Amino acid sequence: MTTMELIRHRRSVRTFDGNPLGEEDAARLLAFAEKAENPYGLPIEWRLLSAKADGLSSPVISGTDAWIAGKLKAAPHAEEAFGYEFESIVLFAESLGLGTTWIAGTMDRAVFEKAMDLAPGEVMPCVSPLGYPAKKMSLKETMMRKGVKADVRLPFEQLFFDGSFDVPLTPEKAGAAAELLEMVRWAPSAVNKQPWRVLLLGGTAHFYEKKSRGFAGKDGWDLQKIDVGIAMNHLSAGLAERGAKADFTFADPGLPMPADTEYIASCLIY
Ligand SMILES: Cc1cc2nc3c(=O)[nH]c(=O)nc-3n(C[C@H](O)[C@H](O)[C@H](O)COP(=O)(O)O)c2cc1C
Numbered sequence: 254m255t256t257m258e259l260i261r262h263r264r265s266v267r268t269f270d271g272n273p274l275g276e277e278d279a280a281r282l283l284a285f286a287e288k289a290e291n292p293y294g295l296p297i298e299w300r301l302l303s304a305k306a307d308g309l310s311s312p313v314i315s316g317t318d319a320w321i322a323g324k325l326k327a328a329p330h331a332e333e334a335f336g337y338e339f340e341s342i343v344l345f346a347e348s349l350g351l352g353t354t355w356i357a358g359t360m361d362r363a364v365f366e367k368a369m370d371l372a373p374g375e376v377m378p379c380v381s382p383l384g385y386p387a388k389k390m391s392l393k394e395t396m397m398r399k400g401v402k403a404d405v406r407l408p409f410e411q412l413f414f415d416g417s418f419d420v421p422l423t424p425e426k427a428g429a430a431a432e433l434l435e436m437v438r439w440a441p442s443a444v445n446k447q448p449w450r451v452l453l454l455g456g457t458a459h460f461y462e463k464k465s466r467g468f469a470g471k472d473g474w475d476l477q478k479i480d481v482g483i484a485m486n487h488l489s490a491g492l493a494e495r496g497a498k499a500d501f502t503f504a505d506p507g508l509p510m511p512a513d514t515e516y517i518a519s520c521l522i523y
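Numbering-wise, the sequence shown is residues 254 to 523 according to the working numbering.
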């Protein structure tokens with residue numbers, strides 16, 4: 254599969270076929286996760302968990318015992334780093350034919366954190382089930398997908414901008430960058446809010462977060478920054494396929510931006 258096919262084929266899988274995760278798939282996934290990196294250089298520890306052995310549960314997942322979770326030290330940019338790195342694992346799982354679902358909320362969090370031996374000062378932002386997708390989605394899964402319009406994304410022109418937030422970018426104007434941005438467009442996000450915005454200026458993609466209400470906690474933790482990290486990963490994946498390495502920098506270019514928007518990162522794309 255091409256990277257675009259992988260990205261377009263991935264969806265959250267909440268109904269699995271009941272078969273256990275194969276040993277070879279588990280080993281390959283863990284080996285990949287152990288080598289995975291993020292642009293912030295923050296170390297993340299990944300573990301495979303078992304629902305039965307570890308007492309894990311999620312009200313939205315059925316038909317698999319295997320889970321993956323990651324933990325890292327709470328630090329500035331932990332959200333983007335986690336989003337970026339976990340998405341590389343999610344896309345690798347997809348390439349193995351495994352189903353995944355990013356889960357931040359609908360799980361028994363305390364039990365997962367215990368299984369991860371979460372220490373003070375550490376965070377375990379999200380987990381995912383791992384397994385083989387069932388042929389048919391459960392009714393609950395179908396309803397959930399409808400509820401968040403999981404099969405669609407915002408139009409290109411609402412996510413991407415041409416030199417200024419006043420000028421929407423069309424795929425035609427984006428030219429060689431259009432396919433890369435289309436990969437960014439199809440990233441998964443919490444409640445499918447798609448909070449990433451990208452301003453293309455002089456061959457550099459500047460990533461911003463367009464904040465929705467209710468995602469940032471009083472402690473400063475911001476779930477939507479995970480989504481922006483995921484979107485950044487999709488750009489990297491697209492560039493990697495072209496033989497280029499995404500080199501993210503973090504110097505705010507100081508461009509005018511709409512309310513509730515925060516600069517996150519930049520990457521030269523051509
Ligand atoms: C950071 C993050 C947190 C999420 N948390 C949950 C969750 O708690 N429960 C759930 O069922 N789905 C969760 N999702 C899955 C999203 O609902 C899903 O990615 C989105 O609706 C798009 O659908 P798709 O993944 O099928 O493309 C989460 C996704 C992300 C990126």
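Virtual Cβ for every residue (Gly too), placed ideally from N, Cα, C. Everything numeric in this text was worked out from a predicted model, so none of it was measured.
Looking only at C-alpha atoms, which of the options sits nearest to residue i?
i: A512; options: M485, R450, G456 and G491; result: R450
i: W355; options: G384, V380, V376 and M369; result: V380
i: A289; options: I260, H459 and S341; result: S341
i: G416; options: T457, D500 and D278; result: T457
i: A490; options: P382, A284, F339 and S465; result: F339
i: W474; options: P329, E515 and Y293; result: P329
i: I503; options: G294, F409, E298 and K446; result: According to the sequence shown, residue 503 is Phe rather than Ile. Nearest of G294, F409, E298 and K446 to F503, Cα basis: G294.
i: A608; options: F468, E258, A284 and G455; result: Nothing can be reported for residue 608, as the shown portion of the chain is limited to 254 through 523.
i: G540; options: D370, A403 and F365; result: What the structure shows of the chain is the stretch from 254 to 523, and residue 540 is not part of that stretch, so it cannot be assessed.
i: G467; options: V444, I483 and L488; result: V444
i: R267; options: K446, P382, R406 and A499; result: P382
i: W299; options: F285, A427, N272 and K426; result: F285
i: M396; options: V313, E332, L301 and G507; result: V313
i: K324; options: A304, A357, G316 and T255; result: A357
i: K389; options: E333, F269 and K471; result: F269
i: A440; options: G275, A427 and L407; result: L407
i: L434; options: F413, F418 and S442; result: F413
i: K464; options: G482, T514, D505 and L508; result: T514
i: V376; options: F409, A387 and A331; result: A331
i: R264; options: S348, A334, A327 and T423; result: S348
i: E287; options: L301, E276 and E277; result: L301
i: C520; options: E277, I483, L453 and A387; result: L453
i: L274; options: A327, D361 and P386; result: P386
i: G374; options: S391, V405 and A327; result: A327
What's the call for residue i, buried or exposed, on a 16-neighbour Cβ count within 10 Å?
i: L351; result: buried
i: H262; result: exposed
i: P378; result: buried
i: V420; result: exposed
i: A518; result: buried
i: S311; result: buried
i: P296; result: exposed
i: E462; result: buried
i: N272; result: exposed
i: G384; result: buried
i: A322; result: buried
i: D500; result: exposed
i: A372; result: exposed
i: M254; result: exposed
i: P292; result: buried
i: D480; result: buried
i: D505; result: exposed
i: R495; result: exposed
i: L224; result: Coverage of the chain is limited to positions 254 through 523, which leaves residue 224 absent and any answer about it impossible.
i: E333; result: buried
i: V343; result: buried
i: E394; result: buried
i: G507; result: exposed
i: T353; result: buried
i: T359; result: exposed
i: A306; result: exposed
i: L392; result: exposed
Verify the contact flag: residue i, CB atom, against every heavy atom of ligand 2, threshold strictly below 7 Å.
i: M397; result: By its list of ligands, the structure shown excludes ligand 2, since it contains just ligand 1.
Less than 8 Å between the CB atoms is what I'm expecting for residue i and residue j, so what's the real figure, rounded?
i: Q477; j: P448; result: 4 Å
i: F460; j: M485; result: 6 Å
i: S303; j: A279; result: Incorrect: roughly 10 Å between the Cβ atoms, too far for contact.
i: E425; j: M257; result: Wrong, their Cβ atoms sit about 18 Å apart, outside the cutoff.
i: G470; j: G336; result: Not confirmed; about 16 Å, so no contact.
i: F418; j: M510; result: 6 Å
Within the segment 324-354, note down every full alpha helix (DSSP H) run reaching 4 residues or more, in order along the chain.
331-348
Along the chain, which unbroken stretches of the beta strand (DSSP E) at least 3 residues long are found entirely within the segment 403-430?
Taking only runs of at least 3 residues, the beta strand (DSSP E) segments lying wholly in the segment 403-430 are 413-415.
Within 5 Å of ligand 1: residues by beta-carbon to any heavy atom:
Residue selection by CB proximity (closer than 5 Å to any heavy atom of ligand 1) returns R264, S265, V313, W355, I356, A357, G358, T359, V401, A403, P441, S442, A443, N445 and I479 in chain order.
Residue ranges of each beta strand (DSSP E) run of no fewer than 3 residues wholly in the segment 287-314, ordered along the chain?
298-303
4 or more residues per run - each alpha helix (DSSP H) lying fully within the segment 478-512
none
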